[in-house]
Amino acid sequence: MPNRNDKKERERNDGVLVVGLGRFGSSLAGTLTRLGQDVLAVERDPDLVAQYSGQFPLVEADATNPTALEQLGAKDFPVAVVGVGTSLEASVLVTGNLVDLETPQIWAKAVSVEHGRILTRIGAHHVTFPEADAGNRVAHLVSGKLLDYIEVEDGFTIVKMRPPKELQGFTLAQTKIRERYGVTVMGVKPPGEDFVYAVPDTRIMANDLLVVSGHAELLERFAARP
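Numbering-wise, the UniProt record's numbering puts 110 at position 110 of the sequence shown, and it's gapless, one number per residue.
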């Protein structure tokens with residue numbers, strides 16, 4: 001059982017409260033723990049509590065009950081993540097309780113645009129759509145042109161890809177990629193070597209990997225070139 005009185009330690013480590021141990025919440029809590037973050041997970045399903053016991057600090061409680069959250073010391077956490085997605089009512093209640101506790105940062109999982117809109121209106125600071133984001137990413141990878149795809153915000157995206165043939169053997173200055181395609185090569189990885197920051201004199205070869213940033217539509221057009 002985690003120490004509920006260790007408020008100062010949580011604040012120093014930027015503790016994170018994770019509510020809901022579905023696939024999203026459990027993955028998040030596990031990753032944060034490996035990164036050295038102080039985590040407390042809250043789950044009302046005893047089977048899930050038993051499943052993840054010992055992997056990270058967790059308690060069995062109903063976070064839709066504001067009294068339960070207060071007793072857990074939820075107000076001491078600067079960041080809370082609501083991973084409840086299967087029940088719209090539970091998601092809204094938990095988020096509303098955290099808003100009432102004046103949690104500085106509330107991240108909430110949404111399963112639809114309407115769900116996300118409600119969470120935003122009641123006070124969630126960040127709304128994430130993990131299923132939609134994953135589907136979007138996989139769709140780009142399945143196309144075969146991209147090796148990795150991360151949409152940051154408002155269409156700005158970073159991808160990992162092989163260079164189109166027309167760029168191979170030329171330096172970035174010679175290719176004028178930004179001028180011609182509206183995207184920026186941030187890094188280049190030759191075979192067997194580490195990624196290096198791209199500069200105008202960086203020469204692009206056929207087997208290189210490129211890290212390229214820009215608007216999603218421009219990157220898609222750029223990656224579609226033979």
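Even for Gly, the Cβ is constructed at its ideal location relative to N, Cα and C.
Do the CB positions of residue i and residue j come within less than 8 Å of each other?
| i | j | result |
| --- | --- | --- |
| valine 82 | valine 19 | yes |
| aspartate 201 | threonine 171 | yes |
| glutamine 105 | valine 79 | yes |
| isoleucine 204 | valine 183 | no |
| histidine 215 | threonine 120 | no |
| aspartate 148 | valine 159 | yes |
| leucine 72 | valine 39 | no |
| leucine 48 | leucine 69 | no |
| proline 163 | leucine 88 | no |
| threonine 64 | leucine 93 | yes |
| isoleucine 118 | valine 99 | no |
| tyrosine 52 | serine 91 | no |
| valine 185 | valine 152 | no |
From the DSSP output, in three-state form, read off residue i for me.
| i | result |
| --- | --- |
| valine 19 | strand |
| lysine 109 | strand |
| isoleucine 204 | coil |
| aspartate 76 | helix |
| aspartate 100 | helix |
| histidine 126 | strand |
| threonine 171 | strand |
| leucine 119 | helix |
| valine 82 | strand |
| leucine 93 | helix |
| leucine 35 | coil |
Would you decide whether residue i is buried or exposed? Buried here means 16 or more other CB atoms lie within 10 Å of its CB.
| i | result |
| --- | --- |
| asparagine 207 | exposed |
| threonine 95 | buried |
| alanine 74 | buried |
| residue 232 | The first residue shown for the chain is 1 and the last is 226, placing residue 232 beyond what the model contains. |
| isoleucine 150 | exposed |
| threonine 31 | exposed |
In the DSSP output, what is residue i paired with across the bridge?
| i | result |
| --- | --- |
| glutamate 43 | Glu60 |
| valine 211 | Lys160 and Gly187 |
| glutamate 151 | Thr157 |
| valine 196 | Val188 |
| leucine 69 | None; leucine 69 has no bridge partner. |
| leucine 146 | Met161 |
Rounded to whole angstroms, how far is the Cβ of residue i from the Cβ of residue j, which I believe are closer than 8 Å?
| i | j | result |
| --- | --- | --- |
| valine 111 | glycine 85 | 5 Å |
| residue 241 | leucine 146 | Lying outside 1 to 226, the shown extent of the chain, residue 241 is not represented and no answer is given. |
Are there any heavy atoms of the ligand NAD lying less than 7 Å away from the beta-carbon of residue i, as far as the coordinates show?
| i | result |
| --- | --- |
| glycine 96 | Among the ligands in the structure shown, none appear at all, so the ligand NAD cannot be discussed. |
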